[in-house]
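If you read the sequence shown in the numbering used here, its first letter stands for residue 596, the second for the next number, and so on. Down below is the structure, laid out as C-alpha cells.
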Amino acid sequence: MAFDHAEAGVDLHIHTTASDGSFSPWEVVACARKTGLSAIAITDHDTVEGAREILSAGLPVDLKFITGVEISSSPPAPYCSQGSFHILGYGIDLDSPPLGEALAALRRQRETRNPQMISRLNTLGVPLTLSEVVAEAGGAVVGRPHMAAVMVRKQAVGSVQEAFDRYLAKGCPAYVEKGRIDFENAVSLIRAAGGLPVLAHPVTVGLPLGELEGLLADLTRRGLAGVEAYYSTHSPEFTQSLLRCAESLGLLVTGGSDFHGEYKSGIHLGVGKGDLHIPFDCYATLIAALT
Ligand code: AMP
Ligand code: ZN
Ligand code: FE
Ligand code: FE
596 MAFDHAEAGV DLHIHTTASD GSFSPWEVVA CARKTGLSAI AITDHDTVEG AREILSAGLP
656 VDLKFITGVE ISSSPPAPYC SQGSFHILGY GIDLDSPPLG EALAALRRQR ETRNPQMISR
716 LNTLGVPLTL SEVVAEAGGA VVGRPHMAAV MVRKQAVGSV QEAFDRYLAK GCPAYVEKGR
776 IDFENAVSLI RAAGGLPVLA HPVTVGLPLG ELEGLLADLT RRGLAGVEAY YSTHSPEFTQ
836 SLLRCAESLG LLVTGGSDFH GEYKSGIHLG VGKGDLHIPF DCYATLIAAL T
C-alpha cells in the first residue's frame, strides 16, 4: 500500500546535536521513519547546521522536510513575556547572509553567558567547569540542557528537570539572560531569508488566553505568519482555542513536539507525551504559503 501522507503525522519542532538535542540529524531522520512521520523540520536554537546536514546528504523519499530555526525573541511593547517567547522560522534559505550573521551574534553572546552561569553554579556549590559543558555539547551550540546533563553526571542533581527547577530555569539563581532578537527584527530576518515566522509554544509565553489572543493579533499586524497550535504541553482545549484564533486572524497553523532526545525526557518525536498528533496539513499549508 502506498504511504498515506495525509494520515501520518508530522513534527515541525525538533532539536538535534547541532544545538541542545541528543539525536544527530540522521538519528532524527531514522527515528522519524520508524515512528511513521511523513514530514519533519529541524528547528535548532541559533544554528541551521543540523538542517544543512540533512539537506546536503539528501532525504529518504518517504520523508518530507522543511528548513527551520528557533530564535529567542522578545514581544513588542507593551507586551512582556514572563516565560519563553520564541520565534520559529520555516522555509528559510540556510545561506541567507543577514540571518547567518544574526545567528552567529547570538552564538557569540552565549560565549559570554555560559561562563557567567557556570560561575554562578560554582558559587552555589555545584562543581562543573566550562570545558566539561563544552565537551558535553560536542561542538554544538552550548545550552542549559548541556549544563544540566553534566550536573546529573556529577550527581549534583538527580535529573535534568531538577537541574532546571533548582538552578537553571528563568528566575532561578544560576539563570543569566541570553541574547535575544526583538520580534520585529526576527520577522525581518526570517522573511529576508525567504521564510515564514511562527510563534513557538504559545503556552510558554505565560499570558492568560485573552491577552495571548490580543498579542497574536498584534504580532500578525507586524508580520507573524503562523502559530504553533499543536505542541507537547498544550491541552486539547488550548489547541482548539489557538486553532480558532488562527482562523480568525488568517494565521497558518503549525505543530511540533520540541523533541530534544535525552535532554527532555518524556517528550517523544512526533507524539510528544504520547497523545500529540500533528496533521500533515500543517506541513502542506506551510509549503503552499512559501510557493
Ligand atoms: P538555552 O537556549 O540555553 O536558554 O536553553 C533552552 C532550552 O532549555 C530549551 O529549549 C529547553 O530544552 C530547556 N529548558 C528551558 N527551560 C526549561 C525548564 N524550565 N525545564 C526544563 N527544560 C527547560
Ligand atoms: Zn532547546
Ligand atoms: Fe522554544
Ligand atoms: Fe525548541
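All C-beta atoms in this analysis are idealised placements derived from N, C-alpha and C, irrespective of residue type, glycine included. In this text, all values refer to a predicted model and were calculated from it rather than measured experimentally.
Start-to-end residues for the alpha helix (DSSP H) that takes in residue i
i: THR880; result: 875-885
i: GLU665; result: Where GLU665 is concerned, there is no enclosing alpha helix (DSSP H), although the beta strand (DSSP E) it sits in stretches over 663-669.
i: ILE649; result: 644-652
i: ILE713; result: 692-718
i: GLY684; result: That residue, GLY684, is in no alpha helix (DSSP H); its beta strand (DSSP E) goes 681-685.
i: GLY809; result: 804-816
i: GLU832; result: 831-844
i: SER726; result: 725-732
Residue interval of the beta strand (DSSP E) (run including residue i)
i: LEU847; result: 847-851
i: VAL822; result: 821-826
i: VAL793; result: 791-794
Exposed unless 16 or more other CB atoms sit within 10 angstroms - verdict on residue i
i: GLY861; result: exposed
i: LYS901; result: This structure cannot speak to residue 901, because the chain is shown only from 596 to 886.
i: GLU857; result: exposed
i: MET596; result: Annotation note: pLDDT 45 at MET596 (below 50); position unreliable, no value reported.
i: HIS681; result: buried
i: LEU837; result: buried
i: ILE649; result: buried
i: SER754; result: exposed
i: ASN717; result: exposed
Supposed close pair residue i, residue j - CB separation, criterion 8 Å
i: PRO671; j: ARG786; result: Not quite, the Cβ-Cβ distance comes to about 16 Å (not below 8 Å), so this is no contact.
i: GLY631; j: ILE661; result: Contact doesn't hold; Cβ gap of about 18 Å is too wide.
i: SER641; j: VAL782; result: The sequence given here has Asp at residue 641, not Ser. With 8 Å as the limit, ASP641 and VAL782 do not qualify as a contact, their Cβ atoms being about 17 Å apart.
i: ALA744; j: GLU757; result: Rounded, the Cβ-Cβ distance is 12 Å, inconsistent with contact.
i: LEU822; j: VAL793; result: At residue 822 the sequence reads Val, which differs from the Leu that was named. Correct: roughly 6 Å between the Cβ atoms.
i: ALA751; j: SER691; result: Actually they are not in contact, since the Cβ atoms of ALA751 and SER691 sit about 40 Å apart, beyond 8 Å.
i: ILE776; j: ILE637; result: Their Cβ separation, rounded to whole angstroms, is 19 Å, which puts ILE776 and ILE637 out of contact at 8 Å.
Q) What residues come near ligand 3, if near means a beta carbon less than 6 Å from any of its heavy atoms? A) GLU665, SER679, HIS681, ALA795 and HIS796
Please go through the segment 602-642 and give each complete alpha helix (DSSP H) segment of 4 or more residues, from N-terminal end onward.
-> 620-630
- Task: Can you check the segment 749-788 for any alpha helix (DSSP H) of at least 4 residues that lies completely inside it and give the ranges in chain order?
- Result: 755-758 and 778-787
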